[in-house]
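Structure first, commentary second.
This is the structure we're talking about:
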């Protein structure tokens, strides 16, 4: 029998490769189908990028590891903000967070509201309302749909791309059938590897004698967020700062929209009532990190202290503190 750490590494590698493939082919499908510049296309691409979280956590819930799925989702929200901080610190010429559209703050505010609802459901021990949903997860689902409509009303015009560049990019992109085949194969790889990733992560938590929620926050969240890391840094290298920030903030909203799906998969009762209370710490720190990002987006003053950006540096320190306190409260 293979050791659990080897199963985890193999399945994690498969999930990462599948996630990167899904995000790239999903983007191509949206563009080839004429949806890439529209609101529907943005939602589809965001969904493709978040498929690793969705698939892995569905299997985690079905295996009875609900707290692992919660740790992954709230931990992913924390890591996404850490990615923004590292990206901002790595680009020395400009401040990434001060160069994006103001309406990105609206996406961050929606993420805060949805994450706060999730934390509230855990604290109050959410009760079932019917349709295998709790009151809180139902509110999250409705809030997500309402937030998407609000974002659609406040959408910005897509950036202008010169005709020559647009034609060249279209030539280099895969054809629609090829992208659809790649997307299908990526989905199949994800479905096959996600159960092993969830079960091995839970087994590693038992072997290391740490909270299963902490493994979700510190380990599983990193794995399922790697596709977002690849897409975001590629966008930043291309100078598409809005796309990078929007992808990560939008992913936080989508992560919370996964909670109603998990509640339905879990069956009768309220899923949030079964989560470990230590998960609230990661949820609150995710809210704190998103609040700091919103402040950075709205703050147009570019200032360095001893050649260091204070805002992104504070984000990194806040993430480290949140990870430490999540570990402590899980014991």
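Residue numbers (the working numbering): 134 to 464. Glycine residues also receive a C-beta, built at the ideal position from the N, C-alpha and C atoms.
If only complete runs of 4 or more residues are kept, the region 178–205 shows the alpha helix (DSSP H) at 184–195, in order along the chain. With contacts defined by Cβ atoms closer than 7 Å, residue 333 and residue 162 do not form a contacting pair.
Assigned with DSSP and collapsed to three states, residue 267 falls in strand. Put simply, of 203, 216, 219 and 321 the residue whose alpha carbon is nearest the alpha carbon of residue 154 is 321.
In the three-state reduction of the DSSP assignment, residue 335 falls in the helix class, which pools H, G and I. The beta-carbon separation of residue 186 and residue 205, rounded to 6 Å, stays under the 8 Å limit for a contact. Boundaries of the alpha helix (DSSP H) around residue 358: 354–370. In this structure, the straight-line span from the alpha carbon of residue 349 to that of residue 246 is close to 22 Å.
Ranking 331, 411, 314 and 375 by CA distance to the CA of residue 347 puts 411 first. Burial is judged here by how many other beta carbons sit within 10 angstroms of a residue's own beta carbon; residue 151 has at least 16 and is buried. Here residue 457 is exposed. Its C-beta has fewer than 16 other C-beta atoms within 10 Å.
Three or more Cβ pairs closer than 8 Å define a contact, and the region 394–405 meets that threshold against the region 265–283. In this structure, residue 276 lies away from residue 382, with their beta-carbon atoms at least 7 Å apart.
Taking C-beta atoms as the reference points, residue 213 and residue 384 count as a pair closer than 7 Å. DSSP places residue 383 in the uninterrupted alpha helix (DSSP H) bounded by 374–399.
Take residue 165, set aside five residues on each side of it, and the residues of its chain with a beta-carbon closer than 6 Å to its own are 309, in chain order. Taken through DSSP and simplified to helix, strand or coil, residue 327 comes out as helix.
For residue 443, the enclosing alpha helix (DSSP H) begins and ends at 443–462. A direct Cα-to-Cα measurement between residue 362 and residue 148 gives close to 14 Å.
Taking C-beta atoms under 8 Å as the contact rule, residue 423 and residue 251 fail to qualify, at a distance of about 13 Å.
DSSP lists 267 as the beta-bridge partner residues of residue 261.
Here residue 144 is near residue 330, since their CB atoms are less than 7 Å apart.
DSSP, read as helix, strand or coil, puts residue 320 in helix. Note on geometry: alpha-carbon atoms of residue 230 and residue 197 lie some 39 Å from one another.
A straight line joining the alpha-carbon of residue 432 with that of residue 256 spans about 33 Å. Residue 408 sits in coil when the DSSP states are folded into three classes, being neither helix nor strand.
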